[in-house]
Amino acid sequence: MTVRQDTLFERFLAPIFGFLIDREALLRYRNSKDWERESERFRQPNFAYPTYYNQNFHGVKNGYLSPDAAVTYDPITQYVLPPNEEWVRKGLIERIRCQPRRILDLGCGTGSTTLLLKQAFPFAEVIGIDLSPYMLVVAADKAEQSGLKVNLKQANAEQTGFADTSFDLVTASLLFHETPPLVSCNILQEAFRLLKPGGEVLILDGNQSTLRQTEWLTQIFEEPYIKDYAAGNVGDWMRTAGFADVQTEEVWWVHQVTRGVKPLPYRKVEFESTQVEGSWVMG
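As structure tokens, then:
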């Protein structure tokens, strides 16, 4: 994995993670498969990567379009989502109010939230999409190990290719801080299109208020769009996309979950008037 040596992450955090992470286990997993061959089962023909994605993330050359990024994502993420990665991700699950039968997890990465969704709603069809076929390889391995059946597909969250009103629940975890705000807004518009009336969207990510107050958090992980994300407001983006009942709740101070509902269609009620004993009533 090619990493710029001058990044804050490499200078200060990498030595800590080097101590915490079992590098030998990672290397065994990295060398256990032909990543190009494995990733082919997820690659869509003539798939076009969006411009914002074709750059370094976390100081890593080629960002998530690298087997090394996929292999190291989970071991590092468990330490950068305080106080506990699973608790944080469950913060999204716990705020779901519907009983979905079909769920779409956008930017699913290695499938951590996708699998939690399947655990929470075992009878639902759960689909996870991501731009990186390498991340989907890891997600598939985790699904097989856990015995959970989820569908994984390479797709762009801005234009998923799924039919209108075909999902009850759309989620995204740790996606919006890695996309430009305009892209995040496009993703919410796509979520609105995909949801059935009354369906829910839930977005888990960094607490925008906290990030604005602690600038070092927007610098240390070498995220190209995190400052723009911190300056924005997911709730406002959600309302602009058409969602109602929008609420943002803090999760362990440094995270937030924003939830919205696609409104039910307005129904005009027709009244018929009848005369009863000399008076008019509406019925």
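Position 110, counted from 1, in the sequence shown is what UniProt numbering calls 110; the numbers after and before it change by one each time, with no gaps. Built from N, CA and C at the ideal position, the CB exists for glycine as well. Since the model is a prediction, treat every value here as computed from it, not as a measurement.
Between which two residues does the alpha helix (DSSP H) harbouring residue i extend?
| i | result |
| --- | --- |
| residue 77 | 67-80 |
| residue 28 | 23-30 |
| residue 249 | Note, residue 249: premise wrong, no alpha helix (DSSP H); beta strand (DSSP E) at 244-251. |
| residue 254 | Here residue 254 belongs to no alpha helix (DSSP H), and DSSP marks it neither H nor E. |
| residue 210 | 208-213 |
| residue 98 | Per DSSP, residue 98 belongs to no alpha helix (DSSP H) and is neither H nor E. |
| residue 113 | 112-120 |
| residue 190 | 181-194 |
| residue 142 | 133-146 |
| residue 239 | 234-240 |
Could you spell out the range, first to last residue, of the beta strand (DSSP E) harbouring residue i?
| i | result |
| --- | --- |
| residue 127 | 125-130 |
| residue 106 | 102-106 |
| residue 153 | 151-154 |
| residue 173 | 167-173 |
Shortest alpha-carbon distance to residue i belongs to which of the options?
| i | options | result |
| --- | --- | --- |
| residue 240 | 121, 181, 45, 78 | 181 |
| residue 244 | 262, 256, 233, 258 | 262 |
| residue 103 | 122, 70, 48 | 122 |
| residue 254 | 157, 191, 80 | 80 |
| residue 156 | 264, 50, 34 | 50 |
| residue 22 | 65, 41, 71 | 71 |
| residue 265 | 249, 165, 246 | 165 |
| residue 162 | 257, 116, 194 | 194 |
| residue 125 | 148, 179, 45 | 148 |
| residue 186 | 238, 73, 33, 167 | 238 |
| residue 73 | 47, 53, 109, 225 | 109 |
Where residue i and residue j are concerned, what is the direct C-alpha to C-alpha distance, given to the nearest angstrom?
| i | j | result |
| --- | --- | --- |
| residue 235 | residue 184 | 12 angstroms |
| residue 63 | residue 198 | 36 angstroms |
| residue 252 | residue 223 | 21 angstroms |
| residue 75 | residue 69 | 11 angstroms |
| residue 231 | residue 214 | 12 angstroms |
| residue 41 | residue 200 | 30 angstroms |
| residue 281 | residue 99 | Caution is warranted here: a pLDDT of 40 is assigned to residue 281, below 50, making its placement in the model unreliable, and the coordinate value is therefore given only provisionally. Distance between the alpha carbons of residue 281 and residue 99: 40 angstroms. |
| residue 57 | residue 101 | 34 angstroms |
| residue 30 | residue 143 | 18 angstroms |
| residue 188 | residue 85 | 24 angstroms |
Please confirm whether residue i and residue j have their CB atoms less than 7 angstroms apart.
| i | j | result |
| --- | --- | --- |
| residue 95 | residue 113 | no |
| residue 91 | residue 111 | no |
| residue 267 | residue 202 | no |
| residue 174 | residue 205 | yes |
| residue 134 | residue 177 | no |
| residue 150 | residue 196 | no |
| residue 191 | residue 170 | yes |
| residue 44 | residue 154 | yes |
| residue 152 | residue 131 | no |
| residue 116 | residue 93 | yes |
| residue 207 | residue 249 | no |
| residue 67 | residue 87 | no |
| residue 107 | residue 172 | yes |
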